[in-house]
Amino acid sequence: MGLSTVTASRILKGQLNGKPGEEGLLEFEKFPNIGLVKVYSNDQQVPDSAATATAMMCGVKTNSMTLGVDDTVKFRNCSSQQGKELDCMPNWAQNEGKSIGVVTTARITHATPAAAYAKSASREWEGDSLMRGVAGGCKDIAHQLVFNNSNIQVLFGGGREFFYPESLVDPVYGTSYKSLQRKDGLNLVNVWGHDKVRRGYKARYAWNSRQFHSINPRTTHFALGLFHPSHMSYELDRKKGPGGEPSLSEMTSKAIKILQRNPRGFFLLVESGRIDHAHHNNTAKRALYETLMFEEAIKAAMTLTNESDTLMVVTADHSHVFNIAGYPKRGSSILGVINPENPDELPPDKKPWTTLVYGNGPGYDWGFRINPLFIDTTNKNYRQVSAVPLSSETHSGEDVIVYARGPMSHLFHGVHEQHYIAHVMAYASCVGRYKDKCQR
Ligand SMILES: [Zn+2]
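Going from the sequence shown to this note's numbering is simple: count from 1 and add 25.
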């Protein structure tokens, strides 16, 4: 969610409300403190999400594609990670008696949510089906989540393919994801549930919206929701009935209601994971609607928490090569086409262009640009044009914004290293290395 994504989403939101669009603000843009964040990783100028999320969760920069381990660990080298695991913000919070939750629309084992709990020389090791041939005894990320993180109270997202044994037929998608289901025969959902029952807790598992809504946040101690075999659906495709998927906003509200029963407080990571995926596919409309749902989730969190005791940090792990360009007139549809009245202002191919464009990705035109006036550029599947033909659009290396409100949010005030975010969160909540060094 780079700055261009925020700006374009802000304009879209205004236009959906019948306004020109440029004049408004998203809710988190009204936060009192903002800063810039340098996103490079230990080894890359333009980072991946495993390294950036590790920086934000664990307070150090590390190598791209690695999760929760220090910068001596080499990608895909299991034996190099022994003893190099980092202690991270969720753990620091838990050590002080706070509750922990992770919510995402991506797979719960995907890079950003996994940085909250996993230690892995590869972000790709989400399930044991993806670890064939890996020597050294490393465990997959889903296995780590259930066996090494049994005190995380709320887990909502997608990715049940890595939790079910291959013998189990998915309740919605049948055998479509069988090849990725577990090869070790474990049903990690059952392992998760049995552990809670054995310890005397009330635990609930949900895989659809009806089950999700039946979770009572006032009586439930532990909740696990896996609403898709892989990533949850894009907001523009999401089925909203009882058999469908809850929204990011609904998941965030439920998570906070469960976690805030702990008088010692809580740490919650909420990721709108599919903004990134939509950009990788050059489908800008999808990315913007995911951002607006993220704003809904933030609004829900603002309603349920108090600025006097809860630090909220809104940021992105990295940006994308996504641009708002040309000279569209004030109030022009953000998903629309720029067609200058003076033909001399058209490019040499005499065709208009879209306001939104990408630096690279699958939207490349292969030398023949289709006139965008003859296509519905407001369709959710429309791919904006890119300059370089890559099968997947890339991240970008520019700084991202951090927006903050609540205790110690003024510590975001300039140009910061990304790992500084973990230190502010820890200092504000008196945990980790700051537990005896801050005001309570
Ligand atoms: Zn990405």
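Ideal Cβ positions, reconstructed from N, Cα and C, are used throughout, including at glycine.
This one's a predicted model, so the numbers in the text were calculated from it and none came from an experiment.
query	result
Ligand 1 heavy atom lying under 7 Å from the CB of H305	yes
D390: CB within 7 Å of a non-hydrogen atom of ligand 1	no
Inter-stretch contact (C-beta, 8 Å, three-pair minimum) for the stretch 137-149 and the stretch 161-172	yes
Secondary structure, alpha helix (DSSP H): runs of 4+ residues fully inside the stretch 293-330	299-305, 309-329
Whole beta strand (DSSP E) elements within the stretch 415-439, 3-residue minimum	425-430
Own chain residues within Cβ distance below 8 Å of G27, not counting five before or after	A341, H343, S344, H345, F347, S421, E423, V425
C-beta contact flag for N181 and G122 at 8 Å	The residue asked about is misnamed: residue 181 is Phe in this sequence, not Asn. Cβ distance not < 8 Å, so F181 and G122 don't count as in contact.
Residue of N287, P373, R223, V85 minimising C-alpha distance to Q119	N287
CA-to-CA distance, R394 to P373, given in whole angstroms	11 Å
Spatially closest choice to N396 from T379, G269, Y383, by CA coordinates	T379
Contact under 8 Å by Cβ, R477 with M82	The displayed coordinates of the chain run from 26 to 465. Any statement about residue 477 would go beyond what the structure contains.
First through last residue of the alpha helix (DSSP H) which encompasses F181	Element bounds for F181: not the alpha helix (DSSP H) but the beta strand (DSSP E), 179-183.
Exposure label - Q70; buried when at least 16 CB within 10 Å	exposed
Own chain, CB closer than 6 Å to V127, minus 5 neighbours either side, in chain order	P138, A141, L180, L294
Own chain, CB closer than 8 Å to L375, minus 5 neighbours either side, in chain order	Inspection of the sequence shows that residue 375 is occupied by Lys rather than by Leu. Taken in chain order, the residues that qualify are P368.
From P267, T97, E54, residue whose alpha carbon lies closest to that of N67	T97
S124 vs L284 beta-carbon contact at 8 Å	yes
For L381, the three-state DSSP class (helix, strand or coil)	strand
Start and end residues, beta strand (DSSP E) containing T130	124-132
N348, DSSP secondary structure in three states	strand
Distance between beta carbons of E260 and E315, contact taken as under 8 Å	6 Å
Check whether G307 and G388 have beta carbons under 8 Å apart	Going by the sequence as given, residue 307 is Asn instead of Gly. Yes, the pair counts as a contact, with Cβ atoms nearer than the cut-off.
V94 versus K264, A146, F53, residue with shortest Cα-Cα distance	A146
Contact under 8 Å by Cβ, F549 with T134	Here the chain has residues from 26 to 465 only, and residue 549 is not among them.
One or two residues paired with E145 in a DSSP bridge	Glu is not the amino acid found at residue 145; the sequence shown has Ser there. Paired residue(s): L92.
The alpha helix (DSSP H) enclosing M450, as first and last residue numbers	445-453
Beta-carbon gap between L211 and P190 smaller than 8 Å	yes
Whole alpha helix (DSSP H) elements within the stretch 48-119, 4-residue minimum	74-83
Beta-carbon proximity list for M337, same chain, < 6 Å, skipping 5 on both sides	R430, G431
A248 and R224 closer than 8 Å at C-beta	no
Beta carbon of L92 nearer than 8 Å to that of T79	yes
Secondary structure of M337, DSSP reduced to three states	strand
The beta strand (DSSP E) enclosing G250, as first and last residue numbers	247-251
Spatially closest choice to W232 from S255, D220, Y226, by CA coordinates	S255
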